[in-house]
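Undergrad: Take this structure first; my questions come after.
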Amino acid sequence: MKITVVKDYDEMSREAAEFMAQTIKEKNNAVLGLATGSTPEGLYSELIKKYKNGELDFSNITTINLDEYVGLKGDHPQSYRYFMNDKLFNHININKANTYVPNGLAENIEEECRNYDKRIEKLGGIDIQLLGIGNNGHIAFNEPEEELSASTHLTGLTQSTIEANSRFFDSMEEVPKTALTMGIGTILRSKKILLVASGESKAEVVAKMVSGKITTKVPATMLQLHSDVTLIIDEAAAKLINK
Ligand code: GLP
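The sequence shown begins at 4 in my numbering and counts up one residue at a time.
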């Protein structure tokens with residue numbers, strides 16, 4: 004893993020946006036794998052700035068998101084579709100028809116998952132996959148478990164993730180308990196991976212991801228198996244990495 008440690012959240016956002024911008028400039032029809040959560044919000048604002056100052060053109064870009072809650076409509080403020088429109092797509096010149104988020108309302112969930120992986124394959128794979136990391140080591144919604152799924156699938160959320168994500172909802176009861184998520188195999192097939200993390204609350208899990216034993220109990224440790232992973236993390240999140 005290539006690790007870049009920066010001062011704080013703002014610097015992380017700028018550096019990570021610059022990193023993604025390189026891919027967009029090198030390949031104007033790149034396939035970007037995108038993530039939700041608080042961590043990438045600043046990065047998305049920076050990409051919007053780069054679009055507005057004429058540095059980036061998204062007209063031929065395709066995006067594929069990692070995951071989506073089951074049961075929330077795309078116009079629900081806490082759905083990941085809404086998040087992506089609100090934080091990025093509504094502010095750049097991307098064709099929304101080329102932005103994909105799993106459909107958590109699909110009647111046939113298995114088919115939706117199969118088609119999601121097929122779509123990625125048909126697009127020629129993901130050029131760069133952006134990831135955040137959950138406090139318990141989850142990536143996308145691949146939660147710590149005895150076994151992990153390789154492909155896109157329906158999953159239950161752990162109590163710790165439900166609690167962590169309840170900050171966005173009015174009450175814990177409103178947080179969906181299931182989601183559709185790319186599997187570990189889907190993520191590891193991306194040509195390049197960029198993971199962002201900020202703050203002391205992520206320090207322990209970041210250290211495990213970087214140098215802990217590979218285990219399904221910390222899904223992010225699977226990233227050690229990929230040959231092109233870049234971490235852009237701030238000092239607080241990097242604090243426990245063995246120098
Ligand atoms: C959610 C998302 C993940 C994200 C994680 C951490 O559960 N499904 O993709 O990485 O939260 O989010 P945050 O960046 O808000 O800490």
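We put the CB at the ideal spot given by N, CA and C, even for glycine. This one's a predicted model, so the numbers in the text were calculated from it and none came from an experiment.
Is any non-hydrogen atom of the ligand GLP found closer than 7 Å to the C-beta of D70, if you look at the structure I gave you?
TA: Walking along the sequence shown from the start, residue 70 turns up at place 67. Correct: D70 has its Cβ closer than 7 Å to the ligand GLP.
Undergrad: Please name the residue in I244, G128, G74 and L37 whose C-alpha comes closest to that of F86.
TA: In the sequence shown, the residue the question calls residue 86 occupies position 83. Looking at the Cα atoms, L37 is the closest of the given residues.
Undergrad: Going by C-alpha to C-alpha distance, which of G137, P222 and I27 sits closest to A206?
TA: The sequence position of residue 206 within the sequence shown is 203, counting from 1. The shortest C-alpha separation from A206 is found at G137.
Undergrad: Among residues of its own chain, excluding the 5 on either side of I95, which ones have a beta-carbon nearer than 8 Å to its beta-carbon?
TA: Here residue 95 refers to the residue found at position 92 when the sequence shown is read from its first residue. Once the five neighbours on either side are set aside, the close Cβ partners of I95 are L50, I51, Y54, L59 and F61.
Undergrad: Buried or exposed, going by whether 16 or more other CB atoms sit within 10 Å of the CB of G74?
TA: Along the sequence shown, one-based indexing puts residue 74 at 71. Exposed, by the Cβ-count rule.
Undergrad: Restricting to Cα atoms, I'd like to know which of R84, M185, Y119 and I235 is closest to G45.
TA: For the purposes of this step, residue 45 is taken as the residue at position 42 of the sequence shown. For the residues R84, M185, Y119 and I235, the minimum Cα distance to G45 belongs to I235.
Undergrad: Nearest to E114 by alpha carbon, out of K125, L157 and N93?
TA: Along the sequence shown, one-based indexing puts residue 114 at 111. The option with the nearest alpha carbon to E114 is L157.
Undergrad: Rounded to the nearest angstrom, how far is the Cβ of I131 from that of A33, given a contact under 8 Å?
TA: Position 128 of the sequence shown, counted from the first residue, corresponds to residue 131. Position 30 of the sequence shown, counted from the first residue, corresponds to residue 33. Right, their Cβ atoms sit about 7 Å apart.
Undergrad: Quick one: what's got a C-beta closer than 6 Å to E146's C-beta in the same chain, skipping five residues either side?
TA: The count along the sequence shown starts at 1 and reaches residue 146 at position 143. Answer for E146: T161, listed in chain order.
Undergrad: Going by beta-carbon coordinates alone, are E149 and T65 separated by less than 8 Å?
TA: Here residue 149 refers to the residue found at position 146 of the sequence shown. Here residue 65 refers to the residue found at position 62 of the sequence shown. Contact flag unset, no.
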